[in-house]
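Okay, structure first, notes after.
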Amino acid sequence: MQHNMLDIQDLTIEFKTENGLFPAVNDINLSIKQGEIMCIVGESGSGKTITSLSIMQILPSIANVSSGEIWFKEQNLLALNKKEMSGIRGNSVSMIFQDAMSSLDPLFTCGHQIVETIRTHKKDVTKEQALEKAKELLKKVGIAHPDTIVNAYPYELSGGMCQRVMIAMALSCEPKLLIADEPTTALDVTVQSQILKLLKQIRKDFNTSIMFITHDLGVVAEIADRVAVMYAGRIVEEGDVKSIFNNPQHPYTEGLLKSIPKLNVKSERFYSIKGSVPSITEMPVGCKFNPRCSKAFANCFKKEPPAFNVGEHRKVRCWLMDDERMNDSGE
Ligand SMILES: Nc1ncnc2c1ncn2[C@@H]1O[C@H](COP(=O)(O)OP(=O)(O)OP(=O)(O)O)[C@@H](O)[C@H]1O
Ligand SMILES: [Mg+2]
């Protein structure tokens, strides 16, 4: 059987709060194939980061995976011990964070940091060999003068340059799966588009699988093969990027797409979905989107919808997809 690169099954992550345990991520199912770019998109607080941290097993101590499995090829990551997991983290799975500037150590040169990363994972590599490799990687991520940059401290570089250094570091171990959590949000659009191009090139050259987290649908359109839309800790819609953009099925996806400003529509006020993502301690009964949904009907306030299969490779967690709903008077 062909394994997916990543296969998340029925994942639930709870936070300990003063008032008890509350799920922040609920019943997530998500898979990424080799060489595929999967975008996770959703508003702030929808659970994107928590999901990605659970793959790396670097969740904050007050968060806990309460059920589910995370398969990386044929290994269930949640069943590994600390040592086995640290052999995977930063090796076959690596992560790029939003804020590159603060993820790099201000006290060391960029070259030193890449060299250390390489040598942590490949003990038999000499410093000289690692430095050569570091320069090669910097070149690969579009840095024209790697000889200068290896000697530079992070504060001497622009945000875009730091982000490239972070990507070079993440690539140093030739990961099979790269998780990028809003890697371009802090950058201006020109640099952002260069970084997106770079990630696509990396996928092409190494057949790397990429999980790309963003709240920006423009970025999704540019980079994704498939998209998972998250809302209130659930994946509410999943499908390939074309069908999501051309034919959104979940009212939340529809709302997100409607909120993209259009250049060719004059003097129209920007659309935005009314309200905001509920807090994990105050989730509505039934569908979590019901307070903001203009299409909600009785069922939506009673029971949470399951993920309905809608056509091939398309899942939608919405009662509107339920063929039986016309006959359903509610239980
Ligand atoms: N340290 C924490 N303590 C308590 N709750 C938390 C903590 N971190 C996250 N949460 C809660 O978990 C939920 C998911 O948060 P997460 O950071 O995954 O969202 P996100 O989709 O990455 O948002 P953003 O777009 O702002 O990065 C939110 O409701 C948030 O309030
Ligand atoms: Mg986040």
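Residue numbering for the sequence shown follows my numbering, starting at 473 and increasing by one per position.
Glycine included, C-beta positions come from ideal geometry on N, C-alpha and C.
1) When DSSP labels each residue in this structure, what does Y703 get in the three-state scheme?
2) Roughly how many angstroms lie between the CA atoms of T725 and I716, to the nearest whole one?
3) Hey, how far is the Cα of I500 from the Cα of I695?
4) The beta strand (DSSP E) with G492 in it runs from where to where?
5) Mind checking P723: buried by the 16 CB within 10 Å criterion, or exposed?
6) Give me, in chain order, the residues of the same chain whose beta-carbon lies closer than 6 Å to that of I732; leave out the 5 immediate sequence neighbours on both sides.
7) Taking the C-alpha atoms as reference points, what is the distance between Q666 and L659?
8) Need the endpoints of the beta strand (DSSP E) that A652 sits in, please.
9) Could you tell me whether any non-hydrogen atom of ligand 1 is closer than 7 Å to the CB of T521?
10) Are I512 and I685 close, meaning C-beta to C-beta below 8 Å?
11) Comparing C-alpha positions only, which one of S558, A606, M567 sits nearest to E588?
12) Hey, out of V699, L550, L728, whose CA is closest to V713's CA?
13) Check whether the Cβ of G514 lies closer than 7 Å to any heavy atom of ligand 1, and answer yes or no.
14) List the whole-angstrom C-beta distance separating P626 from L671, where the pair is believed to meet the contact cut-off of C-beta under 8 Å.
15) Within the chosen definition, does the segment 637-646 reach the segment 541-558 through at least 3 CB pairs nearer than 8 Å?
16) Report yes if the C-beta of D571 is less than 7 Å from at least one heavy atom of ligand 2; otherwise report no.
17) Helix, strand or coil: which one does DSSP assign to L552?
18) Sorted by chain position, which residues of the same chain lie with C-beta nearer than 7 Å to P808's C-beta, five sequence neighbours on each side aside?
19) According to the Cβ coordinates, are V613 and A640 closer than 8 Å?
20) Are the segment 749-769 and the segment 786-795 touching by the rule of at least three beta carbon pairs closer than 8 Å?
21) Do I651 and I527 have their C-beta atoms closer together than 8 Å?
22) Please go through the same chain and pick out, in chain order, the residues whose beta-carbon is closer than 8 Å to the beta-carbon of D697, but skip the five residues on each side of it.
23) Does the beta carbon of A770 come closer than 8 Å to any beta carbon on chain B?
24) Just to check, is the beta-carbon of D688 closer than 7 Å to a non-hydrogen atom of ligand 2?
25) Quick check on G711: does DSSP put it in helix, strand or coil?
26) With C-beta atoms as the reference, is G705 less than 8 Å away from N498?
In this structure, then:
1) strand
2) 8 Å
3) 22 Å
4) 492-504
5) buried
6) L689
7) 10 Å
8) 649-653
9) yes
10) yes
11) A606
12) V699
13) yes
14) Not quite, the Cβ-Cβ distance comes to about 21 Å (not below 8 Å), so this is no contact.
15) no
16) no
17) coil
18) The requested residue 808 is not part of the displayed model; the chain covers only 473 to 803.
19) yes
20) yes
21) yes
22) E508, I509, M510, D712, V713
23) Reference to chain B is not applicable here, since this structure consists of a single protein chain.
24) no
25) strand
26) yes
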